[in-house]
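**Q**
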DNA sequence: ACGGGGACGTTATACGTAACACTTCGGGCC
DNA sequence: GGCCCGAAGTGTTACGTATAACGTCCCCGT
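Chains as they are written, first to last, in this note's numbering: chain L, 100 to 438; chain D, 100 to 438.
#1: State yes or no: is the beta carbon of residue 386/L nearer than 8 Å to at least one beta carbon in chain D?
#2: By a C-beta neighbour count over all protein chains shown, 10 Å radius and 16 as the cutoff for buried, is residue 369/D buried or exposed?
#3: Hey, would you say residue 323/D sits closer than 8 Å to residue 343/D, going by beta carbons?
#4: I'd like the list of long-range same chain contacts for residue 406/L, defined as Cβ closer than 6 Å, with 5 residues on each side in sequence excluded.
#5: Looking at residue 289/L and residue 352/L, is the spacing between their C-beta atoms short of 8 Å?
#6: With 16 other CB atoms within 10 Å as the buried threshold, where does residue 110/L fall?
#7: Ignoring anything shorter than 4 residues or poking outside the stretch 383–419 of chain L, list the alpha helix (DSSP H) runs there in chain order.
#8: Using only the alpha-carbon positions, how far apart do residue 145/D and residue 118/D sit?
#9: Measure how close the beta-carbons of residue 181/L and residue 379/L come, nearest whole angstrom, since I'm counting them as under 8 Å.
#10: Alpha carbon to alpha carbon, how far is residue 268/L from residue 403/L? Give it in angstroms, no decimals.
#11: Which residues bound the beta strand (DSSP E) around residue 152/L?
#12: Run down chain L in chain order and give the residues with a C-beta less than 7 Å from the C-beta of residue 200/D.
#13: Tell me whether residue 113/D sits in a helix, a strand or coil according to DSSP, three-state version.
#14: Would residue 346/D and residue 272/D qualify as a contact pair, given that the criterion is a beta-carbon distance under 8 Å?
#15: How would you write the range of the alpha helix (DSSP H) that residue 374/L sits in, first residue to last?
#16: Measure from the C-beta of residue 108/D to each C-beta in chain L and report whether the shortest distance is under 8 Å.
#17: Using a threshold of 8 Å, state whether the C-beta atoms of residue 367/D and residue 387/D are closer than that.
#18: DSSP puts residue 377/D in a beta bridge; with which residues?
#19: Just how far apart, CA to CA, sit residue 115/L and residue 158/L?
#20: Report yes or no: do three or more beta-carbon pairs, one from the stretch 152–171 of chain L and one from the stretch 154–170 of chain D, lie closer than 8 Å?
#21: By the criterion of Cβ-Cβ separation under 7 Å, what are the contact partners of residue 354/L in chain D?
#22: Answer yes or no: does any C-beta atom of chain L fall closer than 8 Å to that of residue 322/D?
#23: Just the Cα atoms here: how many angstroms apart are residue 147/D and residue 127/L?
#24: Tell me residue 320/L's beta-bridge partners as DSSP assigns them.
#25: Does residue 156/L come within less than 8 Å of chain D when only Cβ atoms are used?
#26: Please state whether DSSP places residue 134/L in a helix, a strand or coil.
#27: Just tell me which of 332/L, 329/L, 377/L, 192/L has its CA closest to the CA of residue 296/L.
#28: Going by Cα to Cα distance, which pick from 362/L, 397/L, 357/L, 399/L is closest to residue 429/L?
#29: Is residue 106/L helix, strand or coil when you go by DSSP?
#30: How many Å lie between residue 422/D and residue 374/D at the Cα?
#31: Of the choices 410/L, 400/L, 432/L, 408/L, whose alpha-carbon is the least far from that of residue 248/L?
#32: Tell me the DSSP bridge mates of residue 199/D?
#33: Is residue 124/D helix, strand or coil when you go by DSSP?
#34: When the cut-off is 8 Å and only beta carbons count, does residue 361/L lie next to chain D?
#35: Grab the span of the beta strand (DSSP E) containing residue 222/D for me, first residue to last.
#36: Helix, strand or coil, according to DSSP, for residue 275/L in the structure here?
Printed below as a string of structure tokens:
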């Protein structure tokens, strides 16, 4: 018959069970072995259940000085890829009693509500994609434990990194195209400053350079179908011999390239081959289905979270890039013989 | 020269500025008009800046009994649509000093980490999609202020609702197809128990019923390209006269329908017309571009958050469905004359 | 017989903040 | 001169939790 307007506290539970508040805390915190009798413990649990007691998180966080919550910073929510990263990260976090809060890098949200303003006291750590570059400066303001996803391991941030082996994926794409006989290649690059895209450009160039007769051109586009459409169209209508293959920094760009080729009256893969990177649902929705590099987003999220938890516990996160592999579908074929 | 290992508190700021902790709270809380002099206020602000002071959120939440944080429950992160909802909701929330935390309905995350376990003390309110049905029971456990997105207004939950005018969208689709001359229609329905999908089925049937000679068939599929592919394929290979149009519950299903039709050797829109619902990027990535119903996801999120804030302030949220409109593209045409 | 130590608790305290209740002081007004 | 009032603060308390430190019993070994 306590006051019903406000939620029950541990003290209410204590009163109902006829013990002290400390005992309630011990029992519910599972620290009662050898301190409270079995029967009393059960009585406390029963009282808590009866009253519908829920611990007050704010009080607990204040008392403990930590929140068991980490932040996942992603460049945008639009992408299926980061949905997978979140899923993997959240699963691992849950296994360790941690929660994950998402912070999509602002786009139309404005800096008014800076989630890092009080991050120090609301979060235990941060897992951040290198693509959300603008948010990084804000993060560094606080001294929160940080693990970067797909970022330069030798970077100045000094944070631990977990990376997909994008370089190897690009290598596989290049070898696949070279084996088919392609020599003139257009690189449709994401116009986003991020290490993960730099790697693509560097590796593609490195792999093609030693092969005689190769020609690498680059077009830049924002990561959107329309952006890729426009960039591809201008790149393919500039004078000079037309590339026989378009290597795209991700699947979304590839979808834009498809549209540009269709508009120019070119067929995929008969006239021009196209490759992507990510292997999203989009890759099999378009026609022909896209040859692309499959990234295991969930595993990526899991490994990232494991690294962050290691940092939080003072352990050394174990490195090693996550392998990726090429998935060959209908968008690649030998170049037209007329070439 | 205070201890540097731990973060500065408001008391540290007070000491540095030569005032009491209460004064610091007043100044930084912007409640100092007529209680603290201009010069003192400035001195406090300067000290806070100097020390890099950040208020401790846990302490503040405990003191105030609220968090200025609300939860957005979405069925999955995969969808571009809910990314838009989040963006709109987060923008409105930010304008009112609120933060938004995302809760993607668990899929492989398991119930171990129930975000509602202590929701009462960590959240001020919940904005939930009706598609995340499994999470709703958990929500009702706590007595948190709740606003539903796209849910039955007369539902037993008794929560306020904000809805898109899906019924009108379906009406527009039906009228468009009828005007083109279609009579035999396949409804590719999402196999997800949710009011928003019930409305589609009900409204489509209602609009076709009074037209003589119409025939409505229904196929159910999970919301995925492959699921839709399989369902459409079996629906179109069953004996009987083939439908001339496929009305899909969303764009993703439409992409699956495209694949099924392609596999069956049928062309869109010459042999079969297809319509979607959502107008995602996917709609213009596939060929031909999809005739679909555009939903303004951001506006949806904004209106939802406005309603929730109204509830939190004890005001009456204003209703009214959000209008939607048909976007006609290349996937619809008159039925083949042989029909 | 006596002391040492489990078993079973309780009391007290601190985390950092916001807000209520108070004090002090210098005018202004009758 | 007495009185009240506003400006400019300060002292204190409470929010609900987790845990360190402290008391009892009572049993058992020597």
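Don't be surprised by glycine CBs; every beta carbon is placed ideally from N, CA and C. Predicted, not measured: the structure shown is a model, and the values here were computed from it.
**A** Judging by the given coordinates:
#1: Interface residue, yes.
#2: The residue is exposed, with fewer than 16 neighbouring Cβ atoms inside 10 Å.
#3: Going by C-beta atoms, residue 323/D is not nearer than 8 Å to residue 343/D.
#4: Excluding residues within five positions, the ones whose Cβ falls inside 6 Å are 246, 259, 261, 416.
#5: A contact, by the Cβ cut-off of 8 Å.
#6: With fewer than 16 other Cβ atoms from the protein chains shown falling within 10 Å of its own Cβ, residue 110/L counts as exposed.
#7: The DSSP assignment places 396–411 as complete runs of the alpha helix (DSSP H) inside the stretch 383–419 of chain L, in order along the chain (cut-off: 4 residues).
#8: Rounded to whole angstroms, the gap between the alpha carbons of residue 145/D and residue 118/D is 13 Å.
#9: Taking the Cβ atoms as the reference, residue 181/L lies roughly 11 Å from residue 379/L, outside the contact range of under 8 Å.
#10: It is roughly 19 Å from the alpha-carbon of residue 403/L to the alpha-carbon of residue 268/L.
#11: Where residue 152/L is concerned, there is no enclosing beta strand (DSSP E), given that its DSSP letter is neither H nor E.
#12: Under the 7 Å cutoff, chain L gives 200.
#13: Note: residue 113/D maps to helix in three-state DSSP.
#14: The answer is yes: Cβ separation under 8 Å.
#15: Taken as a continuous stretch (DSSP letters only), residue 374/L belongs to no alpha helix (DSSP H), being part of the beta strand (DSSP E) at 372–374.
#16: So, not an interface residue.
#17: A contact, by the Cβ cut-off of 8 Å.
#18: The beta-bridge partner set that DSSP reports for residue 377/D consists of 393/D.
#19: CA-CA distance, residue 115/L to residue 158/L, rounds to 21 Å.
#20: Contact between the stretch 152–171 of chain L and the stretch 154–170 of chain D is present, because at least three Cβ pairs lie under 8 Å.
#21: At a beta-carbon threshold of 7 Å, the residues of chain D lying near residue 354/L are 384, ordered along the chain.
#22: Under the Cβ criterion of 8 Å, residue 322/D is not counted among the residues facing chain L.
#23: Taking the Cα positions, residue 147/D is about 38 Å away from residue 127/L.
#24: Per DSSP, 289/L.
#25: Chain D, which has a Cβ nearer than 8 Å to the Cβ of residue 156/L, makes this yes.
#26: Residue state for residue 134/L is assigned as coil, using DSSP reduced to three classes.
#27: Per the Cα distances, 377/L.
#28: Residue 429/L has its Cα closest to that of 357/L, out of 362/L, 397/L, 357/L, 399/L.
#29: Coil, per DSSP.
#30: Put simply, the backbone Cα of residue 422/D is about 18 Å away from that of residue 374/D.
#31: Distance from the Cα of residue 248/L is smallest, within the candidate group 410/L, 400/L, 432/L, 408/L, for 400/L.
#32: According to DSSP, residue 199/D bridges with 169/D.
#33: For residue 124/D, the three-state secondary structure derived from DSSP is helix.
#34: Yes, residue 361/L lies at the interface with chain D (some Cβ there is under 8 Å from its Cβ).
#35: Residue 222/D -> no beta strand (DSSP E), and no H or E assigned at all.
#36: Helix at residue 275/L.
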